[in-house]
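Novice: Mapping to numbering that gives the first Met the number 0: the sequence shown position 101 is 100, numbers consecutive.
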Amino acid sequence: MPLADYLDLTARFTEERDKNVWALLLESFSFLNRIITVADRPALEAFVRSRIGPAVADLGWVPQRGESELTKQLRGELIGAQGKLGNDPAVQQRAAELYRAYRNDAKAVDPNIVPALVSILAHTGDAARYEEFDERFRTAVTPQEERRYLFSLAAFQPKALVERTLARTISGEIRSQDAPFLVSAMLGNVDGRELAWTFLKTNWEKMDRIFPKQGLRRMCGGIVSLATPELERDVRDFFMTRKIDLGGKTLDQYLEQLRISVTVKERDIRALHVYLDRYR
């Protein structure tokens, strides 16, 4: 199916409330975000808002009586996508308001949207927000809360904060079983992926020494997000000039997935640019 036809098709799902259907749609939007040019990203954000916005408006921020658990989960996922992929300022503002209410009284906010609130605020966060979430990570009283705030650190966009988080992954401050997953998440952050990739290359020997092998494999899975021709060439050069064994065909599979992403980018980036003209 031509890309333009698929993007048109997504407009038919604004009234869809099946969580599994939306999971596929959101993944496709995330993929486009990984291959889009910086210049076209605002138009892609407008496109995403047009697709997700009606569902967010309909579902609202508060569960309704008799609502299924899947619908509650869908609400959180759509709010998160609208605030990040859609970069919706109204959703971001509302997320900040509800997060303040949540901090004052955890019962004031539906727990299904709390992960979305945290991820949106990290995505838009400054140094002060980083310090706040870092403190929440270090003083968390449950494993779930600890992981939520730890991995929120991967979503911050300012360069200094990206570099700070990366440095902490090999300093001993973050547990070695968690650090590789954090690096992988940062490779998936389109605003920080090049910094994360450079950091991985520079510190590979130390990572190979201190990270568990399973964690190292999962960390390298993040390379599939480095979906530009230039980064792909660098990734292949890096791994091909070193004797890196991730077990079985793991590395080959990662490189194949990256090749597919770059192929789609090279094939469809012009069509995507033209399609998004209507959202500028």
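Positions of the beta carbon are idealized from the N, C-alpha and C atoms, including for glycine.
1. Quick check on DSSP: helix, strand or coil for SER183?
2. Give every residue of the same chain whose Cβ lies closer than 7 Å to the Cβ of ASP177, excluding the five residues on either side of it in the sequence, and list them in chain order.
3. Could you give the C-beta distance for TRP60 and ARG93, rounded to a whole number, given that I count them as a contact under 8 Å?
4. Take the Cβ of ILE243 as the centre, count every other Cβ of all protein chains shown within 10 Å, and call the residue buried at 16 or more, exposed below.
5. Is LEU31 a contact residue of the ligand FAD, with contact defined as CB to any heavy atom under 8 Å?
6. Check whether the region 31-42 touches the region 60-69, counting contact only when three or more Cβ pairs, one atom from each stretch, lie closer than 8 Å.
7. May I ask you to report which of helix, strand or coil DSSP gives GLY85?
8. Say whether the region 69-87 touches the region 17-28, bearing in mind that this needs 3 or more beta-carbon pairs closer than 8 Å, one atom from each stretch.
9. Does the region 1-13 come into contact with the region 192-202, if we say contact requires no fewer than three beta-carbon pairs (one atom in each stretch) closer than 8 Å?
10. Given a cut-off of 9 Å, decide if LEU275 and ALA42 are closer than it, judged by their beta-carbon atoms.
11. What separation, rounded to the nearest whole angstrom, lies between the Cα atoms of LEU165 and LYS205?
12. Let's see if you can read the secondary structure: which residues bound the alpha helix (DSSP H) around PRO157?
Specialist: By the coordinates alone:
1. helix
2. For ASP177, the CB contacts under 7 Å within the same chain, skipping 5 residues up- and downstream, are LEU149 in chain order.
3. 7 Å
4. exposed
5. In terms of ligand content, the structure shown is empty, and the ligand FAD therefore cannot be addressed.
6. no
7. Coil.
8. yes
9. Verdict: no, contact absent.
10. yes
11. 13 Å
12. PRO157 -> no alpha helix (DSSP H), and no H or E assigned at all.
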